[in-house]
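Everything on this sheet refers to the single structure shown next.
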Amino acid sequence: MLRHTADSQRGHHRLPVSDGSECAIFPALCVVCLPLIASAGRRRGMNTFRDRFAHVLSAYVRLLTYDSRYLQMATDGKAVPSRTSSFVPTTANDLQLSFNKAHFSRPDFDLERFLSLTRRRVTLDQLYADLKVYLKVVQNSMIELINDDYADFVNLSSNLVSLKESIDKIGSEISGNFAELHSSTVDIQKTAHFVEGKFQELTGNHRAQSKIRGRISLVVALKSLLDALAKKPVEINRRWLDSLTYSVVSFEIWYGRNEDIDERVSEARERCMSRVETYLSQFIADVLKNDANYLPEMLSIILLIKRTDGPTKVIGSSVINPLMLVKDGLNLDQLLDKSLKVLTELQTKWTGMLEKNGYSSDVVLSFLDHCLLMYLSDFLDLNFGAVLIPSDNRLFHRCFTLITDFIRAFRKFPSTIPLLRRIRDKFNLIVYFKLETQHFISTLNSQTAVDQFSYSLDDGDRLTPPSRSIFAAVKNSFSDEVFLPSLIDKFWDFTLKIYCKYGEWVDTMTRHFSEAKATDVNGDSCAWKCVTALAGDVTKFEEDIFGHCTTVIYTRVNDLHLSTTALGQCITLFCNQLSSKRKELDDILMKMVREHFDKQLDGVLEIPRQYRWTKKPAPSECSSYLSGALDFLDEFQQFAIRATWSETVSKGILTTVLEDTMANFCTKAEQVLESVEQTGSSLQRFKRKAKVTATGEEMPQSSSTSNLESDEGKIRAQLRLDIEFFCKKATEYDLNNNIETFDKLLSRLS
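Mind the numbering: the sequence shown is residues -3 to 746 in this note's numbering, read in order.
The following block contains the structure:
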């Protein structure tokens, strides 16, 4: 519904406005209602529907055209004519409609349901008329909303114009005021510049006066110092020392404050400080010979002028050196021992005097310790040149041990620690280490060549030269006469190096003997003896090294408060490697012994050849091949025990060898027996045919052709003796695997 309102304040009409919800709902409502109207028109006739639809559409177009012209007039500021009519209510709330307007704003609005409810009360014609009226009301509300926004826009434009005029007016006033202020401060700036210039001039005058006063004070202090030096007493006293202290302090203060000091003043200062150093050095040496009185005061002056070298040299030459009684009959290590004791006694004596006088302080004590250490450093350079670069290892070891003990017990200050380190570093430990270890390396290199392999069963526990050299090197490195705590890392590295070299040598010899035969000659001995000796050497070496490391080396490391974890890990790893190498040697040795023993047992196949057509007497003992083979096993066991093998291990190898060869021996003996049986049966048939007389009677056999003295009988007897002897030997080793086979053979031989 449209409504006309007049704005009394502006003098023109407002556009009727409405909220957007009503305008948005109406087109949708028309889209839905038009099909319903069309269906009603079909019921009433096509002409009626067309007429009604054309009427609605033309009215809607006229309304939109009018609204557009109406809105344009409002935008141009013209008066908007009223479109109200007498039959249209002024507001939407005044409408009496056939439907509830609140349904349109509900979120669950359903058009079909709306039409269904409305048609129960009114017809489509009445619904059409109400919707048309409601459309006009919505359009009127929209125009009023536009009028409100337009009025606010006009007010805002007017206010902005007024605001711009005010800003321009204020800006012009500020510019004028700033120009007046600038012109008024020109005189003030000139006055400030004048005052600043005078202030700078006054400051320069004060600075020049200060420099002049400083130079005057420096000259006065220099004169005072010269006067104090001129009044040097024969013996130190408090009055002169206080005067000298005041003069030196004053001169140093003014000398530090002044700039651009004249060279003559600098030269005078140098000469004065040299005299102060000389006088105080002598006085310090004198008081150290007595009760150390006034020592802190004199030392404070020395430290202030930074001239400690002079007192240090004077103390060393006049106080310490007379106590060092260098005698020609003393050895160098004895001389060093007595000298270190003198220095220790002096340190104790001076400390006691200072504590007695109440002068004990770190500054004084560190200075005295510095003097002692500087003298010791010069003393070593002068008298121990042959020891510092060692030519006699035992002398070097004794001297370095004395120095190490002295340093360990000496009092430590931050200023003396570098001196202690320098004294220790004078001893060339690298040369000493190489002299102690290099000859072992050279010897070991020559002994580990493959063609130089040898062993000895009469040289104690070490069977091979490399193991003897290595154990001697390790034992020597950690002995009391050679070991130095400062070289523990190098000695341990050396130990690991030669241990690894031993392992490499064992691997090389293992590969060398892996393809050798038991009777192959290596040097002066056969291969199986070399392997036996090497295996025994590896086992003994492992035991001795483990014992030496866990007792001697472990003790050395523990005494130095170092972690022994890495030591234990290295020892365990090396021993495990040696155990695996020993197993490889055992396998090679077992292969050698088994092959050699089995080859000797092949002699059983030669028994028929020994007795057939040879007229040898009947056997009374086992064959020589068998006794030789079993003697070889006995020889191996005896040799293994001499080569530090345990009886259990050696017997275990022999047991394995016998167990592996018994089956082969049974097979070979059975082959011989079958051959003898076949030959014997053939001969018996042949002899029976040859001995039959013409009358058909068989001739009796003579005793020379009996079973006992026949070749087959001798062979069977020899085979029986060999099997019985072999069974007896197997029984000694508790081998019963093939006893039944042997019993069957013996029953066939009986």
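Note that CB positions come from ideal geometry on N, CA and C, so glycine has one too.
Hey, how far is the Cα of residue i from the Cα of residue j?
{"i": "alanine 726", "j": "aspartate 630", "result": "13 Å"}
{"i": "phenylalanine 392", "j": "proline 386", "result": "6 Å"}
{"i": "arginine 744", "j": "histidine 592", "result": "29 Å"}
{"i": "tyrosine 498", "j": "alanine 512", "result": "21 Å"}
{"i": "aspartate 421", "j": "threonine 412", "result": "14 Å"}
{"i": "alanine 636", "j": "glutamate 617", "result": "29 Å"}
{"i": "proline 613", "j": "glutamate 728", "result": "30 Å"}
{"i": "aspartate 388", "j": "asparagine 327", "result": "12 Å"}
{"i": "phenylalanine 247", "j": "valine 272", "result": "13 Å"}
{"i": "lysine 97", "j": "alanine 147", "result": "29 Å"}
{"i": "leucine 214", "j": "glutamate 197", "result": "26 Å"}
{"i": "leucine 159", "j": "isoleucine 139", "result": "30 Å"}
{"i": "asparagine 572", "j": "phenylalanine 537", "result": "12 Å"}
{"i": "phenylalanine 542", "j": "cysteine 662", "result": "46 Å"}
{"i": "lysine 227", "j": "valine 244", "result": "14 Å"}
{"i": "phenylalanine 509", "j": "glutamine 448", "result": "14 Å"}
{"i": "phenylalanine 105", "j": "lysine 165", "result": "60 Å"}
{"i": "valine 517", "j": "glutamine 633", "result": "19 Å"}
{"i": "aspartate 582", "j": "alanine 639", "result": "13 Å"}
{"i": "lysine 337", "j": "serine 642", "result": "56 Å"}
{"i": "valine 645", "j": "phenylalanine 490", "result": "33 Å"}
{"i": "alanine 125", "j": "phenylalanine 149", "result": "37 Å"}
{"i": "proline 318", "j": "serine 335", "result": "11 Å"}
{"i": "leucine 558", "j": "aspartate 485", "result": "11 Å"}
{"i": "leucine 372", "j": "lysine 309", "result": "12 Å"}
{"i": "serine 465", "j": "isoleucine 399", "result": "31 Å"}
{"i": "methionine 320", "j": "serine 357", "result": "27 Å"}
{"i": "serine 671", "j": "methionine 586", "result": "32 Å"}
Decide if residue i is buried, meaning its Cβ has at least 16 other Cβ atoms within 10 Å, or exposed.
{"i": "glycine 532", "result": "buried"}
{"i": "isoleucine 170", "result": "exposed"}
{"i": "proline 615", "result": "buried"}
{"i": "isoleucine 771", "result": "Here the chain comprises residues numbered -3 to 746, so residue 771 is not present and cannot be evaluated."}
{"i": "glutamate 263", "result": "exposed"}
{"i": "valine 589", "result": "buried"}
{"i": "glutamate 192", "result": "exposed"}
{"i": "glutamate 477", "result": "exposed"}
{"i": "tryptophan 501", "result": "buried"}
{"i": "lysine 740", "result": "exposed"}
{"i": "valine 315", "result": "buried"}
{"i": "lysine 525", "result": "buried"}
{"i": "arginine 458", "result": "buried"}
{"i": "glutamate 736", "result": "exposed"}
{"i": "asparagine 173", "result": "exposed"}
{"i": "serine 699", "result": "Because the pLDDT at serine 699 is just 38, under 50, the model does not fix this residue reliably, and the value given afterwards should be weighed accordingly. Its Cβ having fewer than 16 others within 10 Å, serine 699 is exposed."}
{"i": "glutamate 432", "result": "buried"}
Figure out for me which residue from the options has the closest Cα to the Cα of residue i.
{"i": "leucine 669", "options": "Glu602, Phe436 and Val133", "result": "Glu602"}
{"i": "lysine 493", "options": "Cys566, Thr551, Arg458 and Ser171", "result": "Cys566"}
{"i": "histidine 435", "options": "Val470, Asn424, His366 and Leu237", "result": "Val470"}
{"i": "leucine 597", "options": "Thr547, Thr546 and Ile719", "result": "Ile719"}
{"i": "aspartate 627", "options": "Glu708, Leu650 and Arg605", "result": "Leu650"}
{"i": "arginine 203", "options": "Thr181, Ile541 and Asn254", "result": "Asn254"}
{"i": "glycine 564", "options": "Thr551, Lys165 and Ser575", "result": "Thr551"}
{"i": "aspartate 365", "options": "Arg394, Pro307, Leu332 and Asp377", "result": "Pro307"}
{"i": "valine 446", "options": "Ser335, Ser465 and Met505", "result": "Met505"}
{"i": "phenylalanine 429", "options": "Lys128, Asn441 and Phe396", "result": "Phe396"}
{"i": "aspartate 223", "options": "Thr241, Val359, Ser206 and Thr535", "result": "Thr241"}
{"i": "leucine 368", "options": "Leu717, Gly312 and Asn353", "result": "Gly312"}
{"i": "proline 481", "options": "Ser450, Arg404, Ile419 and Leu431", "result": "Arg404"}
{"i": "threonine 535", "options": "Trp609, Asp594 and Thr460", "result": "Thr460"}
{"i": "cysteine 723", "options": "Phe738, Gln714, Leu715 and Ser452", "result": "Phe738"}
{"i": "leucine 276", "options": "Asp287, Leu717, Leu295 and Asp333", "result": "Leu295"}
{"i": "serine 453", "options": "Val129, Arg507, Ala529 and Phe402", "result": "Residue identity check: residue 453 is leucine in the sequence provided, not serine. With distances taken between Cα atoms, leucine 453 lies closest to Ala529."}
Does the ligand ADP have a heavy atom nearer than 8 Å to the CB of residue i?
{"i": "phenylalanine 363", "result": "In terms of ligand content, the structure shown is empty, and the ligand ADP therefore cannot be addressed."}
State the beta-bridge partners of residue i as determined by DSSP.
{"i": "serine 521", "result": "Asn518"}
With a floor of 4 residues, list each alpha helix (DSSP H) that falls wholly inside the region 414 to 487, ordered by position along the chain. 425 to 443 and 461 to 473
Extract the residue ranges of the alpha helix (DSSP H) inside the region 158 to 187, only unbroken runs of 4 or more that lie entirely within it. none
Ignoring anything shorter than 4 residues, give me the alpha helix (DSSP H) runs that lie fully in the region 566 to 646, in order along the chain. At a cut-off of 4 residues, the continuous stretches assigned as alpha helix (DSSP H) that sit fully inside the region 566 to 646 are 603 to 607 and 620 to 638.
Could you tell me which uninterrupted alpha helix (DSSP H) segments, each at least 4 residues in length, are contained entirely in the region 230 to 299, listed from first to last along the chain? 234 to 253 and 259 to 285
Give the list of continuous alpha helix (DSSP H) stretches no shorter than 4 residues that lie fully inside the region 330 to 405. 358 to 379, 381 to 384 and 389 to 405
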